[in-house]
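Novice: Just passing along the structure, written as structure tokens.
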Amino acid sequence: MSNIGKIYYFRASYEPSIQLDINNLPDWLSVAVNWQGYRISTLPWIANVACLLGNLHVEDHPTGWKSYLESLGFKDVIPISCEDFYEDTLYC
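In this text, residue positions in the sequence shown follow this note's numbering: the first is 5, and each later residue adds one.
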């Protein structure tokens, strides 16, 4: 049984990922767009349930999530810190 417990933050390039439909992404991802591209965070409270139901197969570390995001169509995915993720809102 997988236990996904951490929130990971990523940034992905907007232009190369232009074919991506962010309205059809799974519920265990939070995706927003800003001037730097896509801002993505994982939602472990939903991802845990998806793993238990067999709907999500991911290794719970940044490299595993990065590979998963790339398989969904995100391009130039890089892990970022919480501070970088929330820099527009000035809180973490």
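Every residue gets a Cβ at the ideal spot worked out from N, C-alpha and C, and that includes glycine. Nothing here was measured: the structure is a model prediction, and the numbers come from that model.
(1) Just how far apart, CA to CA, sit L33 and I44?
(2) According to DSSP, is K70 helix, strand or coil?
(3) Across the region 70–89 and the region 16–30, are there enough close Cβ pairs to call them in contact, namely three or more that are closer than 8 Å?
(4) Can you tell me the Cα-Cα spacing of C55 and V35, whole angstroms?
(5) Could you compute how far the alpha carbon of A51 sits from the alpha carbon of L60?
(6) Cutting at 8 Å between CB atoms, please list the residues of its own chain near K10, excluding the five before and the five after it.
(7) Enumerate in chain order the residues of its own chain whose CB-to-CB distance from N7 is below 7 Å, with the five nearest sequence positions on each side excluded.
(8) Around the C-beta of W69, are 16 or more other C-beta atoms found within 10 angstroms, so that it is buried, or is it exposed?
(9) From what residue to what residue does the beta strand (DSSP E) around P30 run?
Specialist: Looking at the coordinates:
(1) For the purposes of this step, residue 33 is taken as residue 29 along the sequence shown, with counting starting at 1. For the purposes of this step, residue 44 is taken as residue 40 along the sequence shown, with counting starting at 1. If you take the alpha carbons of L33 and I44, they lie about 7 Å apart.
(2) The sequence position of residue 70 within the sequence shown is 66, counting from 1. If DSSP states are grouped into helix, strand and coil, K70 belongs with the helices.
(3) yes
(4) Position 51 of the sequence shown, counted from the first residue, corresponds to residue 55. Position 31 of the sequence shown, counted from the first residue, corresponds to residue 35. When rounded, the distance between both Cα atoms is 20 Å.
(5) The sequence position of residue 51 within the sequence shown is 47, counting from 1. The sequence position of residue 60 within the sequence shown is 56, counting from 1. Their Cα atoms are separated by approximately 7 Å.
(6) Counted from its first residue, the sequence shown places residue 10 at position 6. Contacts found: T46, P48, D64.
(7) Position 3 of the sequence shown holds residue 7. So the list reads N52, once near-sequence residues are dropped.
(8) As a position in the sequence shown, residue 69 is number 65, starting the count at 1. W69 comes out buried.
(9) Counted from its first residue, the sequence shown places residue 30 at position 26. It is not in any beta strand (DSSP E) - P30 carries neither H nor E in the DSSP assignment.
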